[in-house]
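Undergrad: Just so you know, the sequence shown maps onto residues 328 to 447 in this note's numbering.
All C-beta atoms in this analysis are idealised placements derived from N, C-alpha and C, irrespective of residue type, glycine included.
Please read these numbers as outputs of a predicted model, since none were measured by experiment.
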Amino acid sequence: MSIQTNQVDLLTRLLAASEQRQQVISNNIANVNTPEYRSLELQFEDALAAEITKKGKPIGSAAAPSVTQTRGLAARADGNNVDIDRELGLLNKNAMLQQLYLQLIGTDMNQMRRAMEGGP
Numbered sequence: 328m329s330i331q332t333n334q335v336d337l338l339t340r341l342l343a344a345s346e347q348r349q350q351v352i353s354n355n356i357a358n359v360n361t362p363e364y365r366s367l368e369l370q371f372e373d374a375l376a377a378e379i380t381k382k383g384k385p386i387g388s389a390a391a392p393s394v395t396q397t398r399g400l401a402a403r404a405d406g407n408n409v410d411i412d413r414e415l416g417l418l419n420k421n422a423m424l425q426q427l428y429l430q431l432i433g434t435d436m437n438q439m440r441r442a443m444e445g446g447p
């Protein structure tokens with residue numbers, strides 16, 4: 328049951344991060360025409376991977392999402408560096424990941440329910 332709980336915890340954290348990422352991307356899209364606006368991104372997966380690979384340490388709450396300025400994007404004449412095509416691609420990717428996380432959580436919950444009911 329501990330493995331199942333850790334998996335649900337991991338998926339829950341990934342889902343929460345994807346919800347925050349949705350907000351960051353939406354904010355970038357909303358500011359596509361704001362002069363001097365700099366694109367932001369949410370960093371989480373690398374910190375989570377580093378946390379998971381620590382030997383002998385269970386998945387905890389050490390890794391946390393952080394919002395940083397996106398580096399390497401060309402700015403327009405008004406100083407804004409939001410690339411709407413990039414943002415829409417990130418939005419679609421994030422939506423698919425959210426759907427995947429929800430499906431996996433649902434599968435885990437169904438397995439737990441069946442185990443408690445004593446069914447197949």
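Considering Cα atoms alone, identify which of Gly-416, Gln-425, Gln-396 and Val-359 is closest to Asp-405.
TA: Checked all of Gly-416, Gln-425, Gln-396 and Val-359; the closest Cα to Asp-405 is Val-359.
Undergrad: Taking only the alpha-carbon atoms, compute the straight-line gap between Met-328 and Glu-346 and give it to the nearest angstrom.
TA: Any reading at Met-328 must be qualified, since the residue scores a pLDDT of 46, below 50, and its modelled position is unreliable; the value itself is stated next. Those two C-alpha atoms are separated by around 27 Å.
Undergrad: Evaluate Ile-379 with the Cβ neighbour count: other Cβ atoms within 10 Å of its Cβ, from every protein chain shown; 16 or more gives buried, anything less gives exposed.
TA: So Ile-379 counts as exposed.
Undergrad: Rounded to a whole number of angstroms, what is the C-alpha to C-alpha distance between Thr-395 and Asp-435?
TA: Their Cα atoms are separated by approximately 33 Å.
Undergrad: Which whole-angstrom value describes the C-beta separation of Ser-366 and Asn-408, a residue pair presumed to lie in contact below a C-beta threshold of 8 Å?
TA: With 8 Å as the limit, Ser-366 and Asn-408 qualify as a contact, their Cβ atoms being about 5 Å apart.
Undergrad: Hey, out of Ile-411, Arg-340, Glu-363 and Ile-356, whose CA is closest to Pro-392's CA?
TA: Of the listed residues, the one whose Cα sits closest to Pro-392 is Arg-340.
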